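Below is one structure; the comments refer to it alone.
Protein chains: 2
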Amino acid sequence: MENIADEVLKGNRLALAKAITAIENERENATEIMKQLYPHTGNAYVLGITGPPGAGKSTLTDKLAKEFRSRGKTVGIIAIDPTSPFSGGAILGDRIRMNDLAMDEGVFIRSMGTRGSLGGLSHKTADAVKVMDAFGVDVIFVETVGVGQSEVDIVKAADTTMVVLIPGMGDDIQAIKAGILEIGDIFTINKADHDGADKLQTELNMMLDLDGVMKDWRPPILKAVANQNIGITEVVDTFHKHRTHIEENGQLTVRRTERAKNEMLDLLDAKIGQYVRHKLVDSGKIDGYVEEIKSRKTDPYTVVNGVMENMLK
Amino acid sequence: MENIADEVLKGNRLALAKAITAIENERENATEIMKQLYPHTGNAYVLGITGPPGAGKSTLTDKLAKEFRSRGKTVGIIAIDPTSPFSGGAILGDRIRMNDLAMDEGVFIRSMGTRGSLGGLSHKTADAVKVMDAFGVDVIFVETVGVGQSEVDIVKAADTTMVVLIPGMGDDIQAIKAGILEIGDIFTINKADHDGADKLQTELNMMLDLDGVMKDWRPPILKAVANQNIGITEVVDTFHKHRTHIEENGQLTVRRTERAKNEMLDLLDAKIGQYVRHKLVDSGKIDGYVEEIKSRKTDPYTVVNGVMENMLK
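Protein sequence lines, in the order shown, are assigned to chains A and B. Heads up: the first sequence is residues 18 to 330, going by the numbering used here. Heads up: the second sequence is residues 18 to 330, going by the numbering used here.
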């Protein structure tokens with residue numbers, strides 16, 4: 018392939034896959050590809066989907082993607098896969114096999130893990146979003162399997178964030194609800210045919226009431242049964258409603274400026290991290306430091322100060 | 018309080034709490050405290066507890082802590098709380114209220130979040146472990162609520178890591194199992210009185226068999242019903258067994274060297290991140306960059322390269 022970025026811009030799906038692989042594996046050409054694609058970004062609408070494991074996020078995302086397709090939109094799905102560092106992306110494989118979406122040329126599905134990573138997952142996800150954006154996809158889902166801080170940070174970067182919950186989750190559900198209350202623009206109770214859906218909806222409503230701060234957008238709490246295709250059009254309609262809302266009140270611009278800022282800092286962190294690892298780890302210098310730290314001749318705080326003085330202007 | 022570190026070393030519980038708060042909030046005195054405490058670390062045994070939300074990790078950890086207490090050990094518990102950035106640690110409050118452990122002078126419980134954070138959670142957790150270690154606690158539990166990458170990284174840093182699962186978790190359980198297979202030294206199926214416990218045990222055994230690589234430690238798969246105090250002594254016995262095993266084969270030293278290395282790199286990342294944010298964000302310089310990026314006059318990759326050239330020697 019002559020020039021991967023050119024091919025991505027021409028709509029070559031293989032080039033799209035190659036570009037994301039280059040990002041994921043931190044290949045040398047990744048930065049060059051991103052530089053070339055960057056001017057062509059900013060057109061796609063980015064939807065974040067998060068929630069606890071077992072909430073049926075993948076199924077729901079797939080149904081939503083189909084609904085967007087039936088409305089004439091092309092769709093990208095980036096599934097953040099916390100297991101990739103271990104399993105090498107087995108889940109995506111399973112997902113593709115089971116998924117008739119994969120046969121649709123208007124859909125592009127990709128999982129992102131931290132496999133082989135030196136830098137962070139969040140700037141890689143941001144770059145993958147940009148590649149799909151430049152490719153010309155209309156709507157991009159960023160779906161996180163985890164409920165950890167890094168996953169929350171990732172979906173926070175979306176234009177609109179939806180939190181998926183299900184009735185009757187164990188002990189930690191209060192914790193999860195508290196944690197996600199402030200990031201959800203939309204809440205969807207999936208598996209709403211199970212016992213406890215109304216109770217969960219009432220609880221969420223109460224928590225949103227208690228949230229106190231006057232907001233010009235009250236997050237709707239929707240119900241769906243994704244695997245029976247129930248509630249899907251309503252969710253997509255609500256996405257559109259939220260998008261129109263934040264376009265009109267200027268919040269979309271604010272969010273995207275914030276995103277650009279955070280992405281720049283993430284990228285800088287990752288690149289400096291690479292530089293530091295190169296200087297310390299690849300050179301083997303770190304082993305001497307670690308021995309001195311372990312034997313308590315010195316402490317990590319003193320060593321880190323010294324290293325920074327040597328590295329930074 | 019004259020000198021927090023001195024007071025920690027004398028066994029002052031209030032000083033211990035203050036030291037961890039200083040770390041969590043990145044107070045100016047945090048590094049000085051850590052430098053003073055560092056020479057007194059290395060004696061505690063660190064146990065990582067992870068697993069999906071709803072697995073009953075808190076209850077299990079509390080029962081294990083009681084068992085260690087009944088064997089004459091003092092215990093520290095650090096609960097990594099992904100909701101703290103949002104909710105201000107409400108969970109810990111709930112936990113303390115419900116928890117008779119909090120009345121025991123031989124137990125110290127603390128939650129860690131990313132609230133108010135500029136740096137990462139993982140170096141703060143590492144520092145909190147060291148404070149408890151220097152304080153003189155025998156066993157330290159690091160318990161993560163999430164299943165995300167950052168949480169996994171945190172428990173990976175333990176001497177022994179236990180993964181807690183429960184029967185009959187939804188769609189994502191396969192994903193979780195794949196992800197945690199390689200980090201678990203011990204697996205415990207909690208709520209083992211529920212349907213599906215035997216099935217889960219069989220599946221885990223099969224996955225461990227398929228894992229292929231010859232290992233000198235086959236992770237045991239235990240069963241427990243934490244809220245009925247069933248299986249607790251066996252888990253603690255297995256912790257001891259694993260500890261003896263890795264002490265004898267030298268793996269403990271290897272793990273601790275690896276931990277010291279990763280902690281140093283984490284600390285360096287966090288400190289450099291602080292420095293970068295200070296230089297760019299606090300000075301307001303970043304806003305100009307972001308505007309140029311947003312208007313597509315330049316791209317983030319070019320900006321980051323330029324910033325690095327200006328900052329690094």
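Glycine is no exception: its CB is placed at the ideal position from the N, C-alpha and C atoms. As the structure is a computational prediction, the values presented were derived from the model and not from experiment.
Query raised in the report: Based on Cα-Cα distance, which residue from B:E265, B:D150, B:N222 lies nearest to B:L64?
Result: Position 47 of the second sequence, counted from the start, is the residue given in the question as residue 64 of chain B. Considering only alpha carbons, the answer is B:D150.
Requested in this report: Please go through the same chain and pick out, in chain order, the residues whose beta-carbon is closer than 6 Å to the beta-carbon of B:E160, but skip the five residues on each side of it.
Outcome: Residue mapping note: residue 160 of chain B aligns to position 143 of the second sequence, counting from 1. Result list for B:E160: I66, K74, T78, A96, in chain order.
Query raised in the report: Quick one: Cα of B:E264 to Cα of B:R273, how far?
Result: What you label residue 264 of chain B is simply residue 247 of the second sequence in a count that begins at 1. What you label residue 273 of chain B is simply residue 256 of the second sequence in a count that begins at 1. Whole-angstrom Cα-Cα distance: 11 Å.
Query raised in the report: Name the residues in the segment 278-303 of chain A whose C-beta lies less than 8 Å from a C-beta of chain B; which are they?
Result: K278, E280, M281, L282, L284, L285, D286, K288, I289, G290, Y292, V293, R294, L297, V298, I303
Report task. Quick one: list the residues of chain B neighbouring A:K330, beta-carbon separation under 9 Å, in chain order. Result -> If you number the first sequence from 1, residue 330 of chain A lands on position 313. In chain order: N327, M328, L329, K330.
Requested in this report: May I ask you to report which of helix, strand or coil DSSP gives B:A96?
Outcome: As a first step, residue 96 of chain B is located in the second sequence; it is residue number 79 there, counting from the start. B:A96 sits in a strand when the DSSP states are folded into three classes.
Report task. For B:P317, decide whether its Cβ has a neighbour in chain A, counting only Cβ atoms nearer than 7 Å. Result -> By 1-based counting over the second sequence, the position of residue 317 of chain B is 300. At least one chain A Cβ lies under 7 Å of B:P317.
Query raised in the report: Whose C-alpha, out of A:K216, A:L225, A:T219, is nearest the C-alpha of A:G201?
Result: On the first sequence, residue 201 of chain A is found 184 positions in, with the first residue counted as 1. The option with the nearest alpha carbon to A:G201 is A:L225.
Query raised in the report: Are the C-beta atoms of A:V242 and some chain B residue less than 7 Å apart?
Result: Position 225 of the first sequence, counting from 1, holds the residue named residue 242 of chain A. The Cβ of A:V242 sits no closer than 7 Å to any Cβ of chain B.
Report task. Using the Cα positions of B:D304 and B:L239, report the straight-line distance between them to the nearest angstrom. Result -> The residue labelled residue 304 of chain B in the question sits at position 287 within the second sequence. The residue labelled residue 239 of chain B in the question sits at position 222 within the second sequence. Rounded to the nearest angstrom, the two C-alpha atoms are 54 Å apart.
Query raised in the report: Taking 7 Å as the CB-CB limit, is A:V307 close to chain B?
Result: By one-based count along the first sequence, residue 307 of chain A stands at place 290. For A:V307, the answer is yes, since a Cβ of chain B falls inside 7 Å of its Cβ.
Query raised in the report: Using the beta-carbon of each residue, which ones in chain A are nearer than 7 Å to B:T274?
Result: Counting from 1 along the second sequence, the entry for residue 274 of chain B is found at position 257. Going along chain A in sequence order, the residues near B:T274 (Cβ under 7 Å) are V307, K311.
Query raised in the report: For B:E24, does the three-state DSSP call read helix, strand or coil?
Result: One-based indexing of the second sequence puts residue 24 of chain B at position 7. Correct three-state label for B:E24: helix.
Query raised in the report: Run through DSSP, which three-state label would B:I200 get?
Result: Against the second sequence, residue 200 of chain B aligns to sequence position 183. Coil at B:I200, not helix or strand.
**Report entry** Chain-order list of residues whose beta-carbon lies under 8 Å from that of B:G323 (same chain, five-residue window excluded)
**Finding:** What you label residue 323 of chain B is simply residue 306 of the second sequence in a count that begins at 1. No residues qualify anywhere along the chain.
Query raised in the report: Relative to chain A, which residues along the segment 45-59 of chain B have a C-beta separation below 7 Å, given in chain order?
Result: Listed by position along the chain: T48, M51, K52, Y55, P56.
Report task. Measure the C-alpha to C-alpha separation of A:T38 and A:N46 and round it to an integer number of angstroms. Result -> Here residue 38 of chain A is taken as the residue at index 21 of the first sequence, counted from 1. Here residue 46 of chain A is taken as the residue at index 29 of the first sequence, counted from 1. If I take the Cα positions, the gap works out to 11 Å.
Query raised in the report: Counting Cβ pairs, one atom from each stretch, are 3 or more of them under 8 Å apart for the segment 246-257 of chain A and the segment 216-224 of chain A?
Result: no
Query raised in the report: Among B:T142, B:T261, B:T177, which has the Cα closest to the Cα of B:E43?
Result: Here residue 43 of chain B refers to the residue found at position 26 of the second sequence. Of B:T142, B:T261, B:T177, the residue nearest in Cα terms is B:T142.
Report task. Tell me, please, whether the CB atom of B:V321 is closer than 7 Å to any CB atom in chain A? Result -> Against the second sequence, residue 321 of chain B aligns to sequence position 304. Chain A, which has a Cβ nearer than 7 Å to the Cβ of B:V321, makes this yes.
Report task. Could you tell me if B:M179 is buried or exposed, where buried requires 16 or more neighbouring beta carbons within 10 angstroms of its beta carbon? Result -> Position 162 of the second sequence, counted from the first residue, corresponds to residue 179 of chain B. Buried: at least 16 other Cβ atoms inside 10 Å.
Query raised in the report: Relative to the alpha-carbon of A:N29, which residue among A:F125, A:R294, A:K314 has its alpha-carbon at the smallest distance?
Result: Here residue 29 of chain A refers to the residue found at position 12 of the first sequence. Closest by alpha carbon: A:F125.
Requested in this report: Taking the CB atoms as reference points, tell me whether A:G153 and A:G185 lie closer together than 7 Å.
Outcome: Reading the first sequence from its first residue, position 136 is the one you call residue 153 of chain A. Reading the first sequence from its first residue, position 168 is the one you call residue 185 of chain A. In this structure, A:G185 does not lie closer than 7 Å to A:G153 by Cβ.
Report task. Determine the chain B residues that contact A:V324 at a beta-carbon separation under 7 Å, and present them in chain order. Result -> Against the first sequence, residue 324 of chain A aligns to sequence position 307. Here the neighbours are L285.
**Report entry** Enclosing beta strand (DSSP E) for B:L64 [first to last residue]
**Finding:** Working through the second sequence from its first residue, we reach residue 64 of chain B at position 47. Per DSSP, B:L64 belongs to the beta strand (DSSP E) from 62-67.
Report task. Please name the residue in A:K52, A:T270, A:R127, A:E280 whose C-alpha comes closest to that of A:A34. Result -> Start at 1 with the first residue of the first sequence, and residue 34 of chain A comes out as number 17. Looking at the Cα atoms, A:R127 is the closest of the given residues.
Report task. Could you spell out where the beta strand (DSSP E) holding A:S128 opens and where it closes? Result -> Position 111 of the first sequence, counted from the start, is the residue given in the question as residue 128 of chain A. First-last of the beta strand (DSSP E) with A:S128: 124-129.
Requested in this report: Starting from the Cα of B:K52, find the closest Cα among A:V320, A:E326, A:D215 and give me that residue.
Outcome: As a working note, residue 52 of chain B is residue 35 in the second sequence. Closest option to B:K52, Cα to Cα, is A:V320.
Requested in this report: Answer yes or no: do B:E309 and B:T315 have a C-beta to C-beta separation smaller than 7 Å?
Outcome: Position 292 of the second sequence, counting from 1, holds the residue named residue 309 of chain B. Position 298 of the second sequence, counting from 1, holds the residue named residue 315 of chain B. The answer is yes: Cβ separation under 7 Å.
Query raised in the report: Nearest CA to the CA of A:A241: which residue from A:E19, A:A72, A:A22, A:E41?
Result: Mapped onto the first sequence, residue 241 of chain A falls at position 224. Cα-wise, what sits closest to A:A241 is A:A72.
**Report entry** Between the CA atoms of A:F204 and A:W234 - distance to the nearest angstrom
**Finding:** By 1-based counting over the first sequence, the position of residue 234 of chain A is 217. By 1-based counting over the first sequence, the position of residue 204 of chain A is 187. Rounded to whole angstroms, A:W234 to A:F204 spans 13 Å at the Cα level.
Query raised in the report: What alpha helix (DSSP H) runs, 4 residues minimum, are completely inside the segment 241-313 of chain A?
Result: 249-265, 268-294, 302-311
Requested in this report: Please list, in chain order, all residues of the same chain as A:I21 whose beta carbon is under 8 Å from its beta carbon, the five residues on each side excluded.
Outcome: Sequence index remark: in the first sequence, residue 21 of chain A carries index 4 (1-based). For A:I21, where only same-chain residues beyond five positions count, the Cβ hits under 8 Å are A32, K35, A36, A39, N46, I50.
Query raised in the report: Would DSSP call A:E49 helix, strand or coil?
Result: Numbered from 1 along the first sequence, position 32 holds the residue referred to as residue 49 of chain A. In this structure, A:E49 counts as helix in the three-state DSSP scheme.
Query raised in the report: DSSP state of A:I40, grouped into three classes?
Result: In the first sequence, residue 40 of chain A corresponds to position 23, counting from 1. If DSSP states are grouped into helix, strand and coil, A:I40 belongs with the helices.
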